[in-house]
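*Asks:*
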Amino acid sequence: MSPSPASPLDALDWIALEQQLDQDGCAVIRTLLRPDTCDRLSALYPQSEPFRSQVIMTRHGFGRGEYKYLRYPLPPVVERLRSALYPRLVPLANRWHERMGLPARFPEQHSEFLERCHAAGQLRPTPLLLQYGPQDYNCLHQDLYGEHVFPLQVAILLSEPGEDFTGGEFVMTEQRPRMQSRPLVMDLRKGDALIFAVNQRPVKGVRRLSGDHASRCQPTAQRKTAYSGHHLPRRDLTIMQTTFDLFADTESEQPRRAEQIGEQSWVLRGFALPQIEQLLPALESIIACAPLRHMMTPGGFSMSVATSSCGALGWITDRSGYRYSSEDPVSHRPWPAMPEVFRELAQTAAKRAGFADFVPDSCLINRYVPGAKMSLHQDKDENAYEAPIVSLSLGLPATFLFGGFARGDRSQKISLLHGDMVVWGGVDRLRYHGILPIKPGRHPRLGEQRFNLTFRTAG
Ligand SMILES: O=C(O)CCC(=O)C(=O)O
Ligand SMILES: [Mn+2]
Numbered sequence: 002m003s004p005s006p007a008s009p010l011d012a013l014d015w016i017a018l019e020q021q022l023d024q025d026g027c028a029v030i031r032t033l034l035r036p037d038t039c040d041r042l043s044a045l046y047p048q049s050e051p052f053r054s055q056v057i058m059t060r061h062g063f064g065r066g067e068y069k070y071l072r073y074p075l076p077p078v079v080e081r082l083r084s085a086l087y088p089r090l091v092p093l094a095n096r097w098h099e100r101m102g103l104p105a106r107f108p109e110q111h112s113e114f115l116e117r118c119h120a121a122g123q124l125r126p127t128p129l130l131l132q133y134g135p136q137d138y139n140c141l142h143q144d145l146y147g148e149h150v151f152p153l154q155v156a157i158l159l160s161e162p163g164e165d166f167t168g169g170e171f172v173m174t175e176q177r178p179r180m181q182s183r184p185l186v187m188d189l190r191k192g193d194a195l196i197f198a199v200n201q202r203p204v205k206g207v208r209r210l211s212g213d214h215a216s217r218c219q220p221t222a223q224r225k226t227a228y229s230g231h232h233l234p235r236r237d238l239t240i241m242q243t244t245f246d247l248f249a250d251t252e253s254e255q256p257r258r259a260e261q262i263g264e265q266s267w268v269l270r271g272f273a274l275p276q277i278e279q280l281l282p283a284l285e286s287i288i289a290c291a292p293l294r295h296m297m298t299p300g301g302f303s304m305s306v307a308t309s310s311c312g313a314l315g316w317i318t319d320r321s322g323y324r325y326s327s328e329d330p331v332s333h334r335p336w337p338a339m340p341e342v343f344r345e346l347a348q349t350a351a352k353r354a355g356f357a358d359f360v361p362d363s364c365l366i367n368r369y370v371p372g373a374k375m376s377l378h379q380d381k382d383e384n385a386y387e388a389p390i391v392s393l394s395l396g397l398p399a400t401f402l403f404g405g406f407a408r409g410d411r412s413q414k415i416s417l418l419h420g421d422m423v424v425w426g427g428v429d430r431l432r433y434h435g436i437l438p439i440k441p442g443r444h445p446r447l448g449e450q451r452f453n454l455t456f457r458t459a460g
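See the structure below:
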């Protein structure tokens, strides 16, 4: 049989595959790609043209190894597989959603689903090639890229176990309510495709969400050839993986530009990106000295964001109110000093927005995980309002609400991405503002979280 690219799908027993997916949350299609097709895809890896970005996993604590996201136009075989597999999986995806009480239903054709993703700002393709060498691994994780999530994804092994590499098993765990999580080790060969749940699926006898995690881990992908000399061509473990949705535009590639959002208010897109390699380690060391904590509002609620501070003064809240304090109420020590790279960035951003003499003495650090938010409020715990507010967004995208001078005034909705800054002051200094609940996602640098740094002159 020499099938045309889509025809192997027709020959498959989709009833059995669905049953398997229902039962285990994953199913294997044997030899979905022929060995020569696998080799052609793996051979793309060293090239740069087919890819839009590369992730070195150690840099983000994701594991060890690297992966590259394919750019549009996708290699024809990937494009065909994605659109041919999707309609086969839609009935099951819709059934899962119905059983889990999730409102979204998926359209029949992949092109229609892509349109829906586009409308929500999810524009970038998610197919990727992962490459693991000796000792590389990938920590357990989920692939969630935006608001629209198709509940099933596919990984195809492009290398031959035992020949190209040893180890490197694909592991999935399933978290079950009130039970130990169940690990599954997949036995895959070159060209085999694994269809698996992205995050949640219904489980028999459990009517509500199962809290199921489909994840993978590659312990010790070791080349057999590694033992026989270093001159052999490097043949590692390569995997092609794709979800059926699209990436939200979370990457640090937004061009630098300034957008005026009020008389004395600006969004400075991508403003912090040139300093990002200095900013992230500085942030990390502050959090190591003054760990993030969920503070209590005066009304007795725990804030959904976790906070810390650096600089002479740190913003705090507890049952006795909102205020600034020169010491960390947890350690009773002064807050960590404000790193020079923070101060300089805040000053240049303020200057760009027309506030030449900004001297911040406080930097509040807010950490949002998906679902966390900040209700509309004014920043008015500072001693004086001459100085502007300078805020930096890092990690997952957020929708910033920028309102008027009364809580009920209409707000602009502004999407803030990694590296964007917002400055407001002067006549706009007391505008109401807030953050809508953060959508699920995984930022390539910071994972499943957003950080906001707010620079103020408080004292
Ligand atoms: O997270 C943000 O972008 C805003 C934070 C904020 O307004 C605040 O902490 O006062
Ligand atoms: Mn604020």
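Count along the sequence shown from 1, then add 1; that gives the number in my numbering.
Cβ coordinates follow ideal geometry from the N, Cα and C atoms, glycine included.
(1) To the nearest angstrom, report how far apart T239 and R320 are at their CA atoms.
(2) Among all residues, which have a Cβ less than 6 Å from at least one non-hydrogen atom of ligand 2, and in what chain order do they fall?
(3) Go through its chain and collect everything with a Cβ distance to V428's Cβ below 6 Å, but skip five positions before and after it.
(4) Would you grab the beta carbon distance between A156 and L195 for me? Rounded to a whole angstrom, and I think it's under 8 Å.
(5) Measure the alpha-carbon distance for L82 versus G301 and round it to whole angstroms.
(6) Could you compute how far the alpha carbon of R457 sits from the alpha carbon of S392?
(7) Mind checking whether L130 and L42 have CB atoms under 8 Å apart?
(8) Would you tell me roughly how many angstroms separate the C-alpha atoms of L71 and P92, rounded to the nearest one?
(9) Assuming P377 and L402 are in contact, meaning their beta carbons sit under 8 Å apart, how far apart are those beta carbons, in whole angstroms?
(10) What would DSSP say about L42, mapped onto helix, strand or coil?
(11) Closer than 7 Å: is that where the CB of L431 sits relative to any heavy atom of ligand 1?
(12) Classify K191: buried if its beta carbon has 16 or more other beta carbons within 10 angstroms, exposed otherwise.
(13) Closer than 8 Å is the cut-off here; do at least three beta carbon pairs connect the region 269-286 with the region 380-398?
(14) Hey, quick one: how far does the alpha helix (DSSP H) through L284 stretch, first residue to last?
(15) DSSP three-state label for I317, please.
(16) Can you look up Q24 in the DSSP assignment and give me helix, strand or coil?
(17) For D165, count the other beta carbons within 10 Å of its own beta carbon; 16 or more makes it buried, fewer makes it exposed. Which is it?
(18) Determine the closest residue to V331 out of P292, I366 and Y73, with distance taken between C-alpha atoms.
(19) Could you tell me the distance, in whole angstroms, from the CA atom of L45 to the CA atom of I30?
(20) Whole angstroms are fine: how far does the CA of A399 sit from the CA of I436?
(21) Name the residue from L397, I415 and D380 whose alpha carbon lies nearest to the alpha carbon of R408.
(22) Between V306, D11, G420 and S327, which has its C-alpha nearest M296's C-alpha?
(23) Taking its Cβ as the centre, do 16 or more other Cβ atoms sit within 10 Å of G102, making it buried, or is it exposed?
(24) In the DSSP assignment, what residue or residues form a beta bridge with K414?
(25) Let me know if H434 comes out buried or exposed under the rule of 16 or more other beta-carbons within 10 Å of its beta-carbon.
(26) Could you pull out every residue in the same chain whose Cβ sits closer than 8 Å to the Cβ of A227, ignoring the five residues on either side in sequence?
(27) Which value, in whole angstroms, describes the spacing of the CA atoms of A350 and R257?
(28) If contacts are defined as beta-carbon pairs under 8 Å, then S310 and I366 qualify, I think. What distance do you get, rounded to the angstrom?
(29) Tell me which residues share the same chain as A354 and place their Cβ nearer than 6 Å to its Cβ, disregarding the 5 neighbours each side in the sequence.
(30) Output the boundary residues of the alpha helix (DSSP H) element that contains E80.
(31) Relative to the C-alpha of L284, which candidate in N453, A313, S84 and I415 has its C-alpha closest?
(32) Go through its chain and collect everything with a Cβ distance to R294's Cβ below 8 Å, but skip five positions before and after it.
(33) Tell me whether V79 is buried or exposed, calling it buried when 16 or more other Cβ atoms sit within 10 Å of its Cβ.
(34) Quick one: what's L397 bridged to in DSSP?
(35) With a threshold of 16 other CB atoms inside 10 Å of the CB of Q123, please say whether the residue is buried or exposed.
(36) Below 7 Å CB to CB, which residues in the same chain sit around P9 once its five sequence neighbours on both sides are set aside?
*Replies:* Per the coordinate set shown:
(1) 54 Å
(2) H378, D380 and H434
(3) E264 and Q265
(4) 5 Å
(5) 53 Å
(6) 9 Å
(7) yes
(8) 27 Å
(9) Note that residue 377 is Leu in the sequence shown, not Pro. The Cβ separation is near 6 Å, so the contact holds.
(10) helix
(11) no
(12) buried
(13) yes
(14) I277 to C290
(15) strand
(16) helix
(17) buried
(18) P292
(19) 23 Å
(20) 7 Å
(21) D380
(22) V306
(23) exposed
(24) L402
(25) buried
(26) Bear in mind that the predicted position of A227 carries a pLDDT of just 29, short of 50, making it unreliable; the figure below should be weighed with that in mind. So the qualifying residues of the chain are P135.
(27) 12 Å
(28) 6 Å
(29) W267 and V424
(30) P77 to M101
(31) N453
(32) A307, T308, S309 and V331
(33) buried
(34) In the DSSP output, where bridge partners are listed per residue, L397 has none listed.
(35) buried
(36) L33
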